[in-house]
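In the numbering used here, the protein residues as written are -10 to 189.
In this text, a Cβ means the ideal position worked out from N, Cα and C, and glycines have one as well.
None of these values were measured; they are calculated from a predicted model.
Before any comments, here is the structure.
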């Protein structure tokens, strides 16, 4: 194994640890937000006063969840970038996505509905030894991650909380749990003996 790749695998391990922590925090804050909105909708917590300048407790929890999501986007993005960079350092054939575009596609309207999924699919398949003309198949939880991620953003646009927000938080939790599995599995795969032999 070349030294650049070995260093890259060490970096991937470090970034995976940070990504895991961020994802677990997102799951926790989304659970809190889900519970807070459910309690609010059921009258256990007083409704938000639209004429008050004070931050409602539910708003505080939701803001905390939003900040956790932003941090997780950055840390998971760093992990994705390093994972793709390792594939290039391993000189694997037929790669379609650069490390930069594996992240960049998340910011391109309309393309961000499918390109990031395809880039992650390539990272998954190549990391698990499906090199070259591999199938586009991925495990079912991959689809859970992506579809839940896409549809989780549909809520939160109104001035008042609703069941759409509850569904959005539930989807965020599902997506984050599936993503945690993807991070763990890809990181292990790139560290595995078989993959190290392939990368050598």
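Among the options, whose alpha-carbon lies nearest the alpha-carbon of residue i?
i: residue 103; options: 49, 139, 87 and 7; result: 139
i: residue 150; options: -6, 99, 19 and 36; result: 36
i: residue 217; options: -5, 159 and 173; result: The chain is shown from -10 up to 189; residue 217 falls before or after that span and cannot be answered.
i: residue 129; options: 164, 142 and 141; result: 164
i: residue 154; options: 119, 73, 25 and 83; result: 25
i: residue 269; options: 58, 21, 75 and 166; result: Limits of the chain in this structure are -10 at one end and 189 at the other, which puts residue 269 out of reach.
i: residue 18; options: 49, -3 and 45; result: 49
i: residue 85; options: 101, 108, 93 and 72; result: 108
i: residue 31; options: 180, 152 and 181; result: 152
i: residue 3; options: 67, 52, 127 and 51; result: 67
i: residue 173; options: -4, 5, 34 and 58; result: 5
Mind reading off the beta-carbon distance from residue i to residue j? Whole number of angstroms is fine, and I expect it under 8 Å.
i: residue 97; j: residue 134; result: Contact doesn't hold; Cβ gap of about 19 Å is too wide.
i: residue 91; j: residue 77; result: Actually they do not touch by this definition, with Cβ atoms about 11 Å apart.
i: residue 81; j: residue 115; result: 6 Å
i: residue 47; j: residue 23; result: With 8 Å as the limit, residue 47 and residue 23 do not qualify as a contact, their Cβ atoms being about 11 Å apart.
i: residue 203; j: residue 95; result: Since the displayed the chain opens at -10 and closes at 189, residue 203 lies outside it and no answer follows.
i: residue 199; j: residue 112; result: Residue numbering for the chain in the displayed model covers -10 to 189; residue 199 lies beyond these limits and cannot be assessed.
i: residue 178; j: residue 117; result: 5 Å
i: residue 162; j: residue 21; result: 11 Å between Cβ atoms; not a contact.
i: residue 71; j: residue 1; result: 5 Å
i: residue 141; j: residue 157; result: 5 Å
Can you give me the start and stop residues for the alpha helix (DSSP H) that residue i sits inside?
i: residue -4; result: -8 to 30
i: residue 91; result: 88 to 93
i: residue 48; result: 46 to 78
*Using 8 Å as the threshold, is the stretch 7 to 23 in touch with the stretch 52 to 63, meaning 3 or more CB pairs across them?*
yes
*At 4 residues or longer, and completely inside the stretch 95 to 133: list those alpha helix (DSSP H) runs for me, N to C.*
Entirely contained in the stretch 95 to 133, the alpha helix (DSSP H) runs reaching 4 residues are, in chain order, 104 to 116.
*Which full runs of the alpha helix (DSSP H) of 4+ residues lie inside the stretch 149 to 181, going along the chain?*
Runs found: 152 to 180.
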